[in-house]
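Student:
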Amino acid sequence: MLYRFKIFIGVFLLSGFLGQAQTQITGTILSVTDSLPIPGVAIYFDGTSIGVASGQDGRFSIKTENSLISVLIINALGYKTTFIQDHLGKQDLGYIFLEESQESLEEVHLETDPWSRKKKLEIFKREFLGKTPAALKCAIQNEKDIQLRYIPSTETLVAYADVPLKIVNRYLGYEVTYNLTNFKAEFNSATGLRYTKLVYFEGYSFFKELRKKPSASFLNNRESTFNGSSLHFMRALGSQSLWENGFRIFHDKLEVLPYAFFSIRTTGNLTEVELQTDNLIIVYGPLVQSKIQADGKFFIDRNGNFSPPQSVMFSGEMGNSRFALMLPLNYNL
């Protein structure tokens, strides 16, 4: 089964680190309707655990780690989400005006949806959270906010949510705020048995510790989850340290030199990568095996975030990973 995922908003937005100094960014959140301050607004860097809330006067101050260049998300219930991409090098963003959001109306579909909500929700959770022990310890606290539709002609389940999903992960020890903007799971039942052939989801996320001090169990689970993951692989590929990180590369069933089929070029703070064959097998440790396919060039930052996300597909072990095994981009940095 092929698997694509994206938890970061925008196709070409990258999260990365530049330099070593910390940067403090301030601003004031106001309503566009009456210019009054909006307290309690969530301000965070996408895909990380770095975030704050605005005060009663609408002001906020957020400190980045090593000049993080992830998109800055400003999210408040009842208002349209705002994305700030050009914050790098700025210390004060001034006044930021939020528009009130209008409740989305469900699209008109010509096809009848034959699946019950219960069935769609069960399949959504299986394909979104995963089928691992970690998924059993994950709970979406506001399932009722997920909009679901099955399209029979294409055998596709689609989903989105107008409000952020609140996901408690008791395997990795995070509470995640996740704005699901797009989800689809494509199935094939030509043989009489329905199987999943592709899963794709995108959105933006904020990770918060479940406890002030993570338990030893959480820390161990995070380390084991990271090792051999697509995040681990991309960090190693971007820094050209695949072998040092325990990754081996195979082509046509034969082990090859790690970069024999990768064209790698450093461009500023990003690594430009092009796969020079249809696919490669990635082996981590003695048994963990995955496949990578890429359509054109892609870029990797220091975090291991890659863009455009639609250009890379994983199958095998990395392809079976889902949201329950997702770590923040700034994990262990």
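Just so we're aligned: the sequence shown equals residues -21 to -1, 1 to 312 in mature numbering (1 follows the signal peptide of the UniProt record, and there is no 0).
Using N, Cα and C, we set each Cβ at its ideal position, and we do this for glycine too.
1) List the endpoints of the continuous beta strand (DSSP E) containing L136.
2) For the structure I just gave you, are there three or more beta carbon pairs, one from the segment 138 to 149 and one from the segment 116 to 124, closer than 8 Å?
3) Out of curiosity, what's the CA-to-CA distance linking S242 and F277?
4) Determine, using beta-carbon pairs with one atom in the segment 178 to 190 and one in the segment 89 to 100, whether at least three such pairs fall under 8 Å.
5) In whole angstroms, what is the alpha-carbon distance linking L72 and F39?
6) Pull up the distance between the alpha-carbon of G217 and that of M297, whole angstroms please.
7) On the DSSP letters alone, give me the boundaries of the alpha helix (DSSP H) that S14 sits inside.
8) Return the CA-CA distance between Q289 and Q272, expressed in angstroms with no decimal places.
9) Using 8 Å as the threshold, is the C-beta distance between A113 and Y157 below it?
10) Mark V50 as exposed unless 16 or more other C-beta atoms lie within 10 angstroms of its C-beta, in which case mark it buried.
11) Checking 8 Å against the spacing of the C-beta atoms, do G37 and I8 come in under that value?
12) List the endpoints of the continuous alpha helix (DSSP H) containing N200.
13) How many angstroms separate the CA atom of S294 from the CA atom of F186?
14) Where DSSP assigns a beta bridge to E181, which residues make up the other side?
15) Using the beta-carbon count (16 or more within 10 Å), is S209 buried or exposed?
16) Could you check which residue in Q126, S28 and F205 has the C-alpha nearest to that of L100?
17) Note down, in chain order, each residue of its chain lying with its Cβ closer than 6 Å to the Cβ of G(-12), except the 5 sequence neighbours on either side.
Tutor: Reading it off the structure:
1) Indexing the sequence shown from 1 puts residue 136 at position 157. Unbroken beta strand (DSSP E) run through L136: T135 to A140.
2) yes
3) Here residue 242 is taken as the residue at index 263 of the sequence shown, counted from 1. Here residue 277 is taken as the residue at index 298 of the sequence shown, counted from 1. It is roughly 11 Å from the alpha-carbon of S242 to the alpha-carbon of F277.
4) no
5) The residue labelled residue 72 in the question sits at position 93 within the sequence shown. The residue labelled residue 39 in the question sits at position 60 within the sequence shown. Answer to the nearest angstrom: the Cα atoms are 10 Å apart.
6) Translated into positions along the sequence shown, residue 217 becomes position 238. Translated into positions along the sequence shown, residue 297 becomes position 318. Cα-Cα distance, rounded: 17 Å.
7) Counting from one through the sequence shown, the residue named residue 14 turns up at place 35. For S14, there is no enclosing alpha helix (DSSP H), as DSSP marks it with neither H nor E.
8) In the sequence shown, residue 289 corresponds to position 310, counting from 1. In the sequence shown, residue 272 corresponds to position 293, counting from 1. Taking the straight line from one Cα to the other gives about 11 Å.
9) Here residue 113 is taken as the residue at index 134 of the sequence shown, counted from 1. Here residue 157 is taken as the residue at index 178 of the sequence shown, counted from 1. No.
10) Your numbering for residue 50 matches position 71 in the sequence shown. Buried.
11) Residue numbering aside, residue 37 sits at position 58 when the sequence shown is read from its first letter. Residue numbering aside, residue 8 sits at position 29 when the sequence shown is read from its first letter. Yes, the Cβ-Cβ distance between G37 and I8 is below 8 Å.
12) Position 221 of the sequence shown, counted from the first residue, corresponds to residue 200. A195 to F205 is the span of the alpha helix (DSSP H), which, as asked, contains N200.
13) As a working mapping, residue 294 is identified with position 315 in the sequence shown. As a working mapping, residue 186 is identified with position 207 in the sequence shown. Looking at the two C-alpha atoms, the distance is approximately 26 Å.
14) To locate residue 181, count along the sequence shown from 1; it is residue 202. DSSP output for E181 lists N161 as bridge partner(s).
15) Position 230 of the sequence shown, counted from the first residue, corresponds to residue 209. Looking at its Cβ environment, which holds 16 or more other Cβ atoms inside 10 Å, S209 is buried.
16) Here residue 100 refers to the residue found at position 121 when the sequence shown is read from its first residue. With distances taken between Cα atoms, L100 lies closest to Q126.
17) For the purposes of this step, residue -12 is taken as residue 10 along the sequence shown, with counting starting at 1. Residue placement at G(-12) cannot be trusted, given a pLDDT of 32 that sits under 50; the coordinates are not used to answer.
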